[in-house]
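With the numbering used here applied, the sequence shown covers 43 to 409. Cβ coordinates follow ideal geometry from the N, Cα and C atoms, glycine included. Remarks on the structure that follows.
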Amino acid sequence: MQESQLRTKQEFAELLQYAPAEIKQAVFALLPAAKRALDAGYQPLVHNAQLRNWRCLLSFLASLASMQAEHEMLLRTSSDLLAIADHMAPPEEVLTQSARILVRALHADLFVCRMRTSHGEWKVRFADATDCSKLPIVTPMLEESLRQHPVMRAILDGHSRYIVSNNLQSIEKGGESFDCMIYKEGYRSRLAFVLRERNDRPPFGLVMLYTRREYGFDGFDEHFLAKYAKIVSLTVGRRVAVTRDTLQKAAGAMAHYGNNVLNIMQNSADYCRELIGIINDDHAEALELASQLSQMLPAESEAAKTARNLAELLQSNEMEELTDLLKDLKNETSRMEHIIASLEHSVDRPRLLNYVAGYDVLRLEDS
């Protein structure tokens, strides 16, 4: 081992023999990161040619150091995305929370989140700039049929998870944007992540990162971006999928058990109303008989007084109020039917009611 280390030091010394002083400092500064990359099992992205001079050595070490930095970035981003993965939220909120993590990790200046509508249109849901500057005007809707747009091509390709664009001028001017508005505001590069929930479902979201730097995302290796995009799609898409599965199960259970209970309540209410109708008919007949009986008896007799008291009691029954209450019960069961239907609809478009204290709950419509 010592002989190997000694030989390596001698080879380094020979390569650096004619290197400028500042290059020697740069080489020594890169050595720790390069060693960590090799220890982690990374294969350097350099040609098979031997290291012939200090320029080759510098390129070799820089490649290894870059791998180490990218590896750390992957781990950090994965950790940040997973840290918020246990919070159920609507897809729009998931997209926005994830975009804030990505824009910091990749040193972007602006992000735009788009969601796919049921008609295949990509609508802007949220945008923000890291320096709190004025947001540029972006196209509110992009259609998948716009095949000249590189992001739309990536979506239709069905396999691409990311796309880098370095010419943000309009398509009419040979660029890769729908219009020139982003370019006019000084942004020069775009990195778009295509987010898919599952392989058998169409993509649901786009996170589009922008930077003012020329070729701002070209510093990232293609293999790194491919890994990065896969991790982003898996973590964000999985979070949306878990939310959707949870709501599907809840909606299915409520539709089955809840509707059964509502049917029983409605049938019971209808039966009670029929019984009240029968009771009302009997009550009216009893009231008539009590009146006839009081007229048939001597006016001052105890029997006549009892008949009159019976008529008064029958007159003051509360059957009408009971009928109104049963009508209210029927209306409330109908309202619950609408709420259950809204729960089924929220599987694809969940919304939350935010409380100052306590847990967030689903917002369900009852009309």
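Please name the residue, chosen from the options, that lies closest to residue i on a Cα-to-Cα basis.
i: S140; options: Q190, V282 and M338; result: V282
i: S310; options: M338, V166 and K372; result: K372
i: L304; options: A292, L364, F168 and H380; result: H380
i: Q190; options: A171, D173 and G216; result: G216
i: H161; options: Y252, L184, K176 and I205; result: L184
i: L385; options: E327, L144 and G300; result: G300
i: H387; options: S336, A293 and N302; result: A293
i: H265; options: N302, T138, I205 and L335; result: I205
i: V145; options: P132, V166, F235 and R167; result: F235
i: L367; options: D312, Y225 and R350; result: D312
i: N351; options: K369, A332 and L364; result: A332
Using a threshold of 8 Å, state whether the C-beta atoms of residue i and residue j are closer than that.
i: D221; j: S212; result: yes
i: Y229; j: L152; result: yes
i: R203; j: K272; result: yes
i: R142; j: P245; result: no
i: A169; j: V154; result: yes
i: M250; j: I382; result: no
i: S275; j: R315; result: no
i: L364; j: I318; result: yes
i: E134; j: R167; result: yes
i: L248; j: Y225; result: no
Going by beta carbon distance, what residues of the same chain come within less than 8 Å of residue i, once the five residues before and after it are set aside?
i: M43; result: Reliability of the predicted coordinates at M43 is poor, the pLDDT of 44 falling under 50, and no value is obtained from them.
i: L198; result: E186 and R189
i: Q47; result: Because the pLDDT of Q47 is 49, which lies under 50, any placement of that residue in the model is unreliable, and the question is left without a value.
Grab me the residues of residue i's own chain with a C-beta within less than 7 Å of its C-beta, minus the 5 sequence neighbours each way, in chain order.
i: M223; result: P178, I179 and V180
i: V136; result: V278, R281 and V282
i: E227; result: P178
i: A345; result: L339
i: L267; result: Y204
i: G258; result: R230 and S231
i: R255; result: R230 and S231
i: D173; result: D151
Residues in its own chain within less than 6 Å of residue i by CB, not counting five upstream and five downstream?
i: S207; result: P192, E218 and R232
i: M307; result: T375
i: E163; result: M183 and E185
i: T253; result: A150, D151 and S231
i: A63; result: none
Quick one: what's residue i bridged to in DSSP?
i: D170; result: F153
i: M185; result: For the sequence presented, residue 185 should be read as Glu rather than Met. In DSSP, E185 forms a bridge with E163.
i: R158; result: W164
ask   = Which whole runs of the alpha helix (DSSP H) in the segment 190-261 are 4 residues long or more, in chain order?
value = Within the segment 190-261, the complete alpha helix (DSSP H) runs of at least 4 residues fall at 192-199 and 223-226.
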